[in-house]
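Asks: Line order of the protein sequences matches chains A and B.
Going letter by letter, the first sequence gives residues 31 to 174 in my numbering.
Going letter by letter, the second sequence gives residues 31 to 174 in my numbering.
Note that the Cβ used here is the ideal one computed from N, Cα and C, for glycine as well.
Below are the structure tokens for one structure; questions will follow.
Number of protein chains: 2
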Amino acid sequence: MATTKADGKAQAKTEYNAFLAVCPSRQLLDRISDKWVVLILCALGGDTPEPLGAPHTPKAMRYSELARLLTGVSQKMLTQTLRALERDGLLTRTVTPTVPVTVTYELTDLGHSLHHLTRDLRQWAQTHMDAVLTHRESHDARTS
Amino acid sequence: MATTKADGKAQAKTEYNAFLAVCPSRQLLDRISDKWVVLILCALGGDTPEPLGAPHTPKAMRYSELARLLTGVSQKMLTQTLRALERDGLLTRTVTPTVPVTVTYELTDLGHSLHHLTRDLRQWAQTHMDAVLTHRESHDARTS
DNA sequence: CTGTATCCACTGCGATACTG
DNA sequence: CAGTATCGCAGTGGATACAG
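So, in structure tokens, the structure goes:
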């Protein structure tokens, strides 16, 4: 990524700056474009749409809560993603030295601002799922 | 991923339906959460922020144009992503049988609605990049 | 409870070469 | 120009076991 001295032809590859490549947004985009990131932000943002007897609107969550909520995520991915988000200042990690140690995660203001977007994303997905599925079917049918 | 016959305990793995997992939105979320998808949508949406003498506000783009704009993308990924987006009805693929065949891609209404979100995403990334980088540095410094 | 570390399988993805 | 097909590596990510 770094611009080397001799960047003649290699320029196109080493620093693909076209469009929004070398632009800082590109790096964040890669981070945001992560399945678990979106889900964690939604969870910590209190989106949990659980129709069943779920508390709803929780902001701070414990590690085990997240693990339970995001079924299917391995602890490796969960920890890894949480660490990355903490590093970027999107959420805070608070360790309470109780008997069995307690760790809670909470969105920062920055995290909240991004949460609005992931929330819209989730909402869009739900709203237009039918249209997509329908189009997908007809497209597959067309594909002999 | 397919639900096997004996899915007793394996249930947690085969169908991670908690939160928004089994929910249709989950599938679309996976698709949206793709680096190239976001970039293609931004490109076709006319976001190209090229400060240099670039046309700007183009809606329909040719294959080669996209390939040139999204420097760093392999034709495999570009084609693959375009196909997927076409299948989902987010964009249309028009083949004009000229001498050297011409293929243009254009967002559908559905694609445009999603483009608004990817546009916000890109904007957010650009706006808050500094904050993230700053926090990342101080965090790394703290990490002895 | 909340992780960290290791192993390992899968496949995403780039590079390359070939077709219409 | 606009793809498709094949190969092969490397990173992603799951399962398991261990630690503070």
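1) Leaving out the 5 sequence neighbours to the left and right, which residues in its chain are closer than 7 Å to D77/A when beta-carbon positions are compared?
2) Among all the DSSP beta bridges, which residues are the ones paired with E136/A?
3) Work out the CA separation of L71/B and S143/B for me, nearest whole Å.
4) Below 6 Å CB to CB, which residues in the same chain sit around A32/B once its five sequence neighbours on both sides are set aside?
5) Have a look at S94/B, R113/B, H169/B, L147/B and flag the residue whose alpha-carbon is nearest the alpha-carbon of D170/A.
6) Does the Cβ-Cβ distance between E136/A and A90/A come in under 8 Å?
7) Do the CB positions of T122/A and V67/A come within less than 8 Å of each other?
8) Using CA atoms only, rank isn't needed, just tell me which of A161/B, M107/B, R61/B is closest to L115/A.
9) When the distance is taken between beta carbons, is G119/A closer than 8 Å to T138/A?
10) Run down chain A in chain order and give the residues with a C-beta less than 9 Å from the C-beta of A171/B.
11) Using a Cβ-Cβ cut-off of 8 Å, state whether D37/B counts as contacting chain A.
12) Hey, quick one: how far does the alpha helix (DSSP H) through A73/A stretch, first residue to last?
13) Should T111/B be listed as close to the ligand ATP, given that the test is whether its C-beta is under 7 Å from any heavy atom?
14) Taking A114/A as part of the alpha helix (DSSP H), name the residues at either end of that continuous run.
15) Check the Cβ of M91/B against every Cβ in chain A and list those closer than 8 Å, keeping chain order.
16) So is A146/B buried or exposed if we call it buried at 16+ other beta carbons inside 10 Å?
17) Strictly below 8 Å CB to CB, what residues from chain B border L59/A?
Replies: Concretely, from the data shown:
1) R149, R152
2) T122/A
3) 10 Å
4) Since pLDDT at A32/B reaches only 36, below the 50 mark, its modelled position is unreliable, and the value read off the structure follows with that caveat. No residues qualify anywhere along the chain.
5) R113/B
6) yes
7) no
8) A161/B
9) yes
10) Per Cβ cutoff of 9 Å: no residues; A171/B is ~11 Å from chain A at best.
11) Any answer about D37/B is weak, because its pLDDT of 36 lies below 50 and its placement is not dependable; what the coordinates show is given next. Not closer than 8 Å to any Cβ of chain A, the Cβ of D37/B fails to qualify, so no.
12) 65-74
13) This structure lacks the ligand ATP; in fact it carries no ligand of any kind.
14) 105-117
15) Ordered by position in chain A, no residue passes the 8 Å Cβ test against M91/B, which lies about 11 Å from the chain.
16) It should be pointed out that residue 146/B corresponds to His in this sequence rather than to Ala. It is exposed - the Cβ of H146/B has fewer than 16 other Cβ atoms within 10 Å.
17) K65, V68, L69, L151, R152, A155
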